[in-house]
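Going by my numbering, the sequence shown opens with residue 1, and the numbers climb by one from there. Virtual Cβ for every residue (Gly too), placed ideally from N, Cα, C. These numbers were taken from a predicted model, which means no experiment stands behind them. Structure first, commentary second.
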Amino acid sequence: MTETGQPTGNPGDDPNRQSEQVRIQHLSARVPERISRGAFSTGAIVMTGGTEFIIDFVQNLGTPASIAARVIMPHACMPQFIEALRKNLDIYRQRFGEPPAVPGNPPQARQPSAQEIYDELKLPDDQLSGAYANGVMIGHTPSEFKFDFLTNLFPSSAVSARVFLSVPQVPRLLHSLQNTYNQFLQRVQQQRGQQPPPTSPQEGK
Numbered sequence: 001m002t003e004t005g006q007p008t009g010n011p012g013d014d015p016n017r018q019s020e021q022v023r024i025q026h027l028s029a030r031v032p033e034r035i036s037r038g039a040f041s042t043g044a045i046v047m048t049g050g051t052e053f054i055i056d057f058v059q060n061l062g063t064p065a066s067i068a069a070r071v072i073m074p075h076a077c078m079p080q081f082i083e084a085l086r087k088n089l090d091i092y093r094q095r096f097g098e099p100p101a102v103p104g105n106p107p108q109a110r111q112p113s114a115q116e117i118y119d120e121l122k123l124p125d126d127q128l129s130g131a132y133a134n135g136v137m138i139g140h141t142p143s144e145f146k147f148d149f150l151t152n153l154f155p156s157s158a159v160s161a162r163v164f165l166s167v168p169q170v171p172r173l174l175h176s177l178q179n180t181y182n183q184f185l186q187r188v189q190q191q192r193g194q195q196p197p198p199t200s201p202q203e204g205k
């Protein structure tokens, strides 16, 4: 898992356009042509599966809203993604200040179920299976964050999904990721507590 401190870009680039790269490990990744343009998202839904987390990046610019990108991430990679995103937000705050807040929606009488939410979303056929990722590179400018989700597999790493989010949406994403991961940990602890303790073989038999 890679997070994004070193400014990147050419000296003649727009000085207001920065991309911070704080690397935990040296990593380069191939970017397939079909992935290079990326997808713009206006929000995300985070769900827990049996062995993975599903992150559905929603594009709510038309009717109906649609899933712009679906990322499948193993459970073990989520805490690293959360930490990388938290550090990137800290770097953003140091350079540009606090991210603008997203205007709040009117309170609803009840929270819709997952089924009700997805009944209102368009899930394109090419997003049904999602894109596997066991790493991520994060960069940002003053106005948006870029997420390059990676498959770190032999013989070389590759970008499996590229997603752009406006800056106000990023704290929300971090909050959703952290809450979902905390709930996952609580379920794991409960399941372990319900399991009978392991029995040791009786001596002399």
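Buried/exposed call for residue i, threshold 16 Cβ in 10 Å
{"i": "Q190", "result": "exposed"}
{"i": "L185", "result": "exposed"}
{"i": "G49", "result": "exposed"}
{"i": "A114", "result": "exposed"}
{"i": "S156", "result": "exposed"}
{"i": "A131", "result": "buried"}
{"i": "S36", "result": "exposed"}
{"i": "S41", "result": "buried"}
{"i": "V136", "result": "buried"}
{"i": "M1", "result": "The pLDDT assigned to M1 is 49, lower than 50, so where the model puts this residue is not dependable; a value taken from the coordinates is nonetheless given after this. Counting Cβ neighbours within 10 Å, M1 comes out buried, since at least 16 surround it."}
{"i": "V71", "result": "buried"}
C-alpha gap between residue i and residue j, whole angstroms
{"i": "T4", "j": "S143", "result": "At T4 the pLDDT is 41, less than 50, meaning the model places this residue with poor confidence; the figure from the coordinates comes in the next sentence. Spanning the two alpha carbons is a distance of roughly 16 Å."}
{"i": "P124", "j": "I67", "result": "7 Å"}
{"i": "H140", "j": "R192", "result": "40 Å"}
{"i": "L61", "j": "E120", "result": "13 Å"}
{"i": "G104", "j": "F154", "result": "44 Å"}
{"i": "A161", "j": "G43", "result": "16 Å"}
{"i": "Q183", "j": "V46", "result": "12 Å"}
{"i": "R172", "j": "A84", "result": "15 Å"}
{"i": "Y118", "j": "F57", "result": "12 Å"}
{"i": "A39", "j": "D148", "result": "11 Å"}
{"i": "P32", "j": "P64", "result": "28 Å"}
{"i": "Y92", "j": "E116", "result": "35 Å"}
{"i": "M78", "j": "N179", "result": "11 Å"}
{"i": "N152", "j": "S129", "result": "19 Å"}
{"i": "Q194", "j": "F96", "result": "48 Å"}
{"i": "P74", "j": "V188", "result": "15 Å"}
{"i": "I76", "j": "Q94", "result": "Residue identity check: residue 76 is Ala in the sequence provided, not Ile. So the two alpha carbons sit approximately 29 Å from each other."}
Given residue i as reference, the closest of the options once Cα atoms are compared
{"i": "K146", "options": "P103, L89, A76, P64", "result": "L89"}
{"i": "Q59", "options": "A114, E52, K122, H175", "result": "K122"}
{"i": "I54", "options": "P100, F96, N134", "result": "N134"}
{"i": "L177", "options": "S113, S156, Q94, E52", "result": "E52"}
{"i": "Y181", "options": "G38, D56, F81, V102", "result": "F81"}
{"i": "L174", "options": "V163, V188, R86", "result": "R86"}
{"i": "S28", "options": "L150, H75, A76, Q94", "result": "L150"}
{"i": "F164", "options": "Q194, R187, N179, I138", "result": "I138"}
Expected contact under 8 Å - CB spacing of residue i and residue j to nearest Å
{"i": "Y127", "j": "A69", "result": "Here residue 127 is Gln; the residue named in the question, Tyr, does not match the sequence. Rounded, the Cβ-Cβ distance is 7 Å, consistent with contact."}
{"i": "R34", "j": "A158", "result": "11 Å between Cβ atoms; not a contact."}
If contact is defined by three or more beta carbon pairs under 8 Å, each pair taking one atom from either stretch, is the stretch 90-101 in contact with the stretch 161-174?
yes
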